[in-house]
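Quick note, the sequences are listed as chains X and E, same order.
Going letter by letter, the first sequence gives residues 114 to 439 in the working numbering.
Going letter by letter, the second sequence gives residues 16 to 118 in the working numbering.
Here a beta-carbon is modelled for each residue, glycine too, at the ideal position from N, C-alpha and C.
Worksheet: one structure, shown below.
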Amino acid sequence: MSLAVDNLLSPLILFFALGVLAALAKSDLTVPEAAAKTLSLYLLFAIGFKGGVSVSAHGIDSALLLSLLAGTVLSFALPFIAFGLLRVTTQLSVTDAAAVAGHYGSISIVTFVAATSVLESAGIASEGYLVAVAAIMEAPAILSALWIAARFSTDAQSPVDARDQRGLLREILLNGSIVLLVGAFLIGFATGNDGLAEIESFIVAPFKGVLCLFLLDMGLVAGRGLRSSSHQLRFGLIGFGMLMPVIGATAGLAAAQLIGLSVGGTALLMTLSASASYIAVPAAMRVALPDANPAIYLTMSLGITFPFNLTVGIPLYLSVASAVGA
Amino acid sequence: MNMTRAKRVEIIIEAPMESRLTGALDTAGVTGYTVLPVLGGNGRNGRWTREGQVSSAGGMVAIVSVVRAERVEGLLEAVFAVVERHIGIVNVTDCDVLRAERF
Numbered sequence: 114m115s116l117a118v119d120n121l122l123s124p125l126i127l128f129f130a131l132g133v134l135a136a137l138a139k140s141d142l143t144v145p146e147a148a149a150k151t152l153s154l155y156l157l158f159a160i161g162f163k164g165g166v167s168v169s170a171h172g173i174d175s176a177l178l179l180s181l182l183a184g185t186v187l188s189f190a191l192p193f194i195a196f197g198l199l200r201v202t203t204q205l206s207v208t209d210a211a212a213v214a215g216h217y218g219s220i221s222i223v224t225f226v227a228a229t230s231v232l233e234s235a236g237i238a239s240e241g242y243l244v245a246v247a248a249i250m251e252a253p254a255i256l257s258a259l260w261i262a263a264r265f266s267t268d269a270q271s272p273v274d275a276r277d278q279r280g281l282l283r284e285i286l287l288n289g290s291i292v293l294l295v296g297a298f299l300i301g302f303a304t305g306n307d308g309l310a311e312i313e314s315f316i317v318a319p320f321k322g323v324l325c326l327f328l329l330d331m332g333l334v335a336g337r338g339l340r341s342s343s344h345q346l347r348f349g350l351i352g353f354g355m356l357m358p359v360i361g362a363t364a365g366l367a368a369a370q371l372i373g374l375s376v377g378g379t380a381l382l383m384t385l386s387a388s389a390s391y392i393a394v395p396a397a398m399r400v401a402l403p404d405a406n407p408a409i410y411l412t413m414s415l416g417i418t419f420p421f422n423l424t425v426g427i428p429l430y431l432s433v434a435s436a437v438g439a
Numbered sequence: 016m017n018m019t020r021a022k023r024v025e026i027i028i029e030a031p032m033e034s035r036l037t038g039a040l041d042t043a044g045v046t047g048y049t050v051l052p053v054l055g056g057n058g059r060n061g062r063w064t065r066e067g068q069v070s071s072a073g074g075m076v077a078i079v080s081v082v083r084a085e086r087v088e089g090l091l092e093a094v095f096a097v098v099e100r101h102i103g104i105v106n107v108t109d110c111d112v113l114r115a116e117r118f
């Protein structure tokens, strides 16, 4: 309980809330697009590098490979659960449900970054290679969503042809966020603590302040989305946006227990499994499933699930991971 | 000034589709076009803005091409194959250009 209260009163959450409230109140507060992208690049660079340094300090073991495998399986599988749940609890069309489901198999890197920040504040260590797991979980869910749409849609038009699908896969795998995250991870791994010592003043001390500013922007984007698309959100969709993260986190917990991750690692894998993408998957869905309504999946991911994970989910996952690991 | 009649084709399309559209234009032999950022707007799928976005998913771009009238049909066929099912607008207007040999 105290963890949840501490989390709600942390600068991270309060800046996010400020952004949401400012957007709902129609304030002219904005973060320019280029600044938002720069903040995002900084966070990916810092989290990737620190993850690589951590792996270089602790070495590579079988748990790393198992975690990568678990992340891939979770990303492939979660959209099927999400799709089934959406079809039962909402009136969404097959295409819309497939597009939303794809978001819930992939991950939100900022939710992951926020969770690592909470772990650091609580002094709980975690496996650095989970950064690589985050990167590997981005793409498989998109394939699942496309397969679901092709299998269950009665629309005569195929979502995307094979040639286009290869181009799409290439775009996803070479997505700037993934390239920077994995690249920074490898550089951190190669340079280790010596490399970290050289750039520590840039990527460690300012990290939380930059994350606060980024979450302010995320709050603004989420608030704008809620303001303009709230009419799209029926009770079933809102319920799904809060239930699906818990289901994903439960699957992540099971995988973490099988692998034998630490308490911090378990909380992070739960967070990854619970989060919903708002960068890679929406762009892929615009290309591959153009008939799906972006207002639904962007608002679900950013306006419902992201705030849920930030405020309730992360402390909940950490508490469960601690209880199971104790 | 010696002015020549031409067609100005303006396509507003989802940002993730930009490379596919410019690729289709290249394939169709349309080598002259300009890609412009757009700030925001409102449409059938709701209001949108580039402000604060870290993903291209919610953004749009404008692609403008000026061609001779006899080439506009081929250009539109190439464009239609890409934009048919996507959010956006395609419009064609008459315009006058200087230096007609460039189009």
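> chain X partners of THR37/E, CB-CB under 9 Å?
Replying inline: Within the second sequence, numbered from 1, the residue matching residue 37/E stands at position 22. Under the 9 Å cutoff, chain X gives no residues; its nearest Cβ is about 14 Å from THR37/E.
>> Can you find the residues in the same chain that come closer than 7 Å, C-beta to C-beta, to GLY89/E, ignoring five residues on each side of it along the sequence?
In response: Here residue 89/E refers to the residue found at position 74 when the second sequence is read from its first residue. Contacts found: ALA43.
>> Can you tell me whether PRO121/E is helix, strand or coil according to DSSP?
In response: With chain E covering 16 to 118 only, the question about residue 121/E has no answer from this structure.
> How long is the line joining the alpha carbons of ILE160/X and TRP63/E, rounded to whole angstroms?
Replying inline: In the first sequence, counting from the first residue as 1, residue 160/X sits at position 47. In the second sequence, counting from the first residue as 1, residue 63/E sits at position 48. Roughly 30 Å between the two C-alpha positions.
> In this structure, what does DSSP give as the bridge partners for ALA77/E?
Replying inline: In the second sequence, residue 77/E corresponds to position 62, counting from 1. Looking at the DSSP assignment, ALA77/E forms a beta bridge with ILE27/E and LEU51/E.
>> Three or more C-beta pairs under 8 Å: does that hold for the region 19-32 of chain E against the region 379-386 of chain X?
In response: no
> When we look at the beta-carbon of MET398/X and count the other beta-carbons within 10 Å, is it buried (16 or more) or exposed?
Replying inline: Within the first sequence, residue 398/X is the residue found at index 285, counting from 1. Answer is buried; the Cβ neighbour count reaches 16.
> Mind pulling the chain E residues with CB within less than 7 Å of ALA396/X?
Replying inline: Here the question's residue 396/X lines up with position 283 in the first sequence. Chain E residues near ALA396/X: PRO31, SER70, SER71 and ALA72.
>> If I follow the unbroken alpha helix (DSSP H) through VAL168/X, where does it start and stop?
In response: Translated into the one-based positions of the first sequence, residue 168/X becomes position 55. Run containing VAL168/X: 146-171, per the alpha helix (DSSP H) assignment.
> Do you know whose CA, among THR424/X, GLY338/X, LEU127/X and SER180/X, lies nearest ALA248/X's CA?
Replying inline: Here residue 248/X corresponds to residue number 135 of the first sequence, with the count starting at 1. Answer by Cα proximity: SER180/X.
> Excluding five sequence neighbours on each side, which residues of the same chain lie with their C-beta closer than 6 Å to the C-beta of ALA297/X?
Replying inline: Residue numbering aside, residue 297/X sits at position 184 when the first sequence is read from its first letter. Closer than 6 Å at the Cβ level, and outside the excluded window around ALA297/X, lie PHE158, GLY161 and PHE162.
> At a Cβ threshold of 8 Å, is ALA368/X touching chain E?
Replying inline: Here residue 368/X refers to the residue found at position 255 of the first sequence. Output row for ALA368/X: interface = no.
>> How far does the beta strand (DSSP E) with ILE220/X in it extend, from its first residue to its last?
In response: Here residue 220/X corresponds to residue number 107 of the first sequence, with the count starting at 1. Counting along the chain, ILE220/X falls outside any beta strand (DSSP E), and DSSP gives it neither H nor E.
>> To the nearest angstrom, how far is the alpha carbon of ALA342/X from that of ALA408/X?
In response: In the first sequence, residue 342/X corresponds to position 229, counting from 1. In the first sequence, residue 408/X corresponds to position 295, counting from 1. Note that residue 342/X is Ser in the sequence shown, not Ala. Cα to Cα, SER342/X sits roughly 6 Å from ALA408/X.
>> Within 10 Å of its beta-carbon, does ASP330/X have 16 or more other beta-carbons around it, so buried, or fewer, so exposed?
In response: Within the first sequence, the letter at position 217 stands for residue 330/X. Looking at its Cβ environment, which holds 16 or more other Cβ atoms inside 10 Å, ASP330/X is buried.
>> For ASP119/X, list the residues DSSP reports as bridge partners.
In response: In the first sequence, counting from the first residue as 1, residue 119/X sits at position 6. The partner list for ASP119/X (beta bridge, DSSP) is empty, contrary to what the question assumes.
>> List, in chain order, every chain X residue whose beta-carbon is nearer than 7 Å to that of ARG114/E.
In response: Looking up residue 114/E in the second sequence gives position 99. Those do not exist, as ARG114/E stays about 34 Å from chain X at its closest Cβ, beyond 7 Å.
>> Using beta carbons (cut-off 8 Å, strictly below), is THR42/E in contact with chain X?
In response: Taking the second sequence and counting its residues from 1, the one referred to as residue 42/E is at position 27. No, because no Cβ of chain X sits closer than 8 Å to the Cβ of THR42/E.
> Quick one: what's got a C-beta closer than 7 Å to ALA212/X's C-beta in the same chain, skipping five residues either side?
Replying inline: Sequence index remark: in the first sequence, residue 212/X carries index 99 (1-based). These residues qualify, in order along the chain: ALA258, MET398, LEU402, ALA405 and TYR410.
> Can we say the region 319-327 of chain X touches the region 143-156 of chain X, given the rule of at least three CB pairs closer than 8 Å?
Replying inline: With contact defined as three or more Cβ pairs closer than 8 Å, the region 319-327 of chain X and the region 143-156 of chain X are in contact.
>> Against chain E, does THR418/X count as a neighbour if the rule is that its beta carbon must be under 8 Å from one of theirs?
In response: As a working note, residue 418/X is residue 305 in the first sequence. Taking Cβ atoms only, chain E never reaches closer than 8 Å to THR418/X, which makes this a no.
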